[in-house]
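Note sheet for the following structure.
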DNA sequence: CATTTGTGCAACTATTTGGTTGCGCATCTG
DNA sequence: CAGATGCGCAACCAAATAGTTGCACAAATG
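Residue numbers (the numbering used here), protein chains in the order written: chain A, 697 to 805; chain B, 697 to 805.
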C-alpha cells in the first residue's frame, strides 16, 4: 500500500520524537549493546515499557536486536538516521530561499 | 532533571513525525508562506485539522505565523531544524564506534 | 534437578492525538 | 451598509500510545 518513502521517514522522526526513546538511543550508543533488562535497571518505568519503546525503534529500523543465548541485545543501527539527516539537509538547502521569503513576509506592505 | 533541552528536541522530532505535517513543511517551503485555508484547499482533510497541525509545528517552533490583515500567514522557520540536524550529526560521530560494536555483537562467540 | 534470570505475550487503563462539526467574530469588498 | 471570506474557539469522537500487572516459558547456574 502506501509504504511511501515519506511514510517511512515520518516513522523515523516519530520514533525519535519521545524523550524516553531518545534517551534509549543515546544510552545504547554509549554502551554499544544492552539488553532490555539492563536498560530498565534503575529506571522509573518498567522493563515492559522499555521493550515496547525498543520495538518502536526496531520497527523504524533505528535499532537492531540480536538474540544471544538467553538474552537479547539491542544496538543502534545508524543507517536509517542518515535518511533523516538527508531530509533535514535538503530542507537546509531551501534555507536561504525560505529566510528570504520570511523577511519579505514580515516586511510585506 | 533533564527537562529543557532533551524535551524540546524530542518535540521537534515529534512534530516532524507525521506525514501530514511533513507535507505541510515541504509545501510551505516551496510556497514561502501560505494561509491555513490555502493549505487546506483541495486537501482531503479539514482546514481545522490543518490548523491543529500548524499549531503543533508552531509549538515546536518549526513554523512561525504572522497575522496580516484578515489572514494569517504561516512560514517555515528553519532555525529549529538546525538543532535536530546537529543532534543527528552528533550521533553520526558515534557512527564508527557503534558500527564496530554492532560487528562484534554479531560476530560474538 | 531445582532455582534463578531474562524474555515474551496478553489484558487492561488512561492519556494523547488526529480528525470532525458547528458557530461566532473580525475583516475585507461590492 | 450588507454580504462574503477567513479565522478562532469548543465539544465531541475514534484510534493510537504509554504505561501497568500478571504469568508462562526458555536458558544458564548452583
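Heads up, the beta-carbon is just placed ideally off N, CA and C, and yes, glycines get one too.
Quick caveat, the model's predicted, so the values are computed rather than measured.
Environment of residue i [buried if 16+ CB atoms lie within 10 Å]
i              : result
residue 710(B) : buried
residue 701(A) : exposed
residue 707(B) : buried
residue 802(B) : Unreliable placement is indicated for residue 802(B), whose pLDDT of 46 sits below 50; the coordinate value is still reported in the next sentence. Its Cβ having fewer than 16 others within 10 Å, residue 802(B) is exposed.
residue 703(B) : exposed
residue 721(B) : buried
Within chain A, the residues that residue i reaches when beta carbons sit closer than 7 Å
i              : result
residue 787(B) : 725, 774 and 777
One or two residues paired with residue i in a DSSP bridge
i              : result
residue 767(A) : 764(A)
residue 772(B) : 759(B)
residue 731(B) : 769(B)
Closest residue to residue i among the options (Cα-Cα distance)
i              : options                           : result
residue 747(B) : 716(B), 774(B) and 728(B)         : 716(B)
residue 713(A) : 787(A), 780(A) and 788(A)         : 780(A)
residue 732(B) : 789(B), 786(B) and 768(B)         : 768(B)
residue 786(B) : 720(A), 703(A), 738(A) and 725(A) : 725(A)
residue 718(A) : 753(A), 738(A) and 776(A)         : 753(A)
residue 772(A) : 755(A), 742(A), 784(A) and 788(A) : 755(A)
residue 729(B) : 775(B), 766(B), 778(B) and 761(B) : 761(B)
residue 757(B) : 764(B), 744(B) and 775(B)         : 775(B)
residue 788(A) : 777(B), 788(B), 735(B) and 789(B) : 777(B)
Under 8 Å from the C-beta of residue i: neighbouring residues of chain B
i              : result
residue 734(A) : Neighbours of residue 734(A) on chain B: none; closest Cβ ~14 Å, over 8 Å.
residue 702(A) : 715, 718 and 719
residue 763(A) : Simply none; closest approach about 11 Å.
Distance cut-off 6 Å: residue i Cβ against heavy atoms of the ligand NAD
i              : result
residue 729(A) : Annotation note on the ligand NAD: not contained in the displayed structure, which lists no ligands.
Where residue i meets chain A, residues with beta-carbon distance less than 8 Å
i              : result
residue 730(B) : Result: empty, since nearest Cβ-Cβ is about 10 Å, beyond 8 Å.
Listed in chain order, which residues of the stretch 736 to 761 of chain A have Cβ atoms closer than 9 Å to some Cβ of chain B?
760
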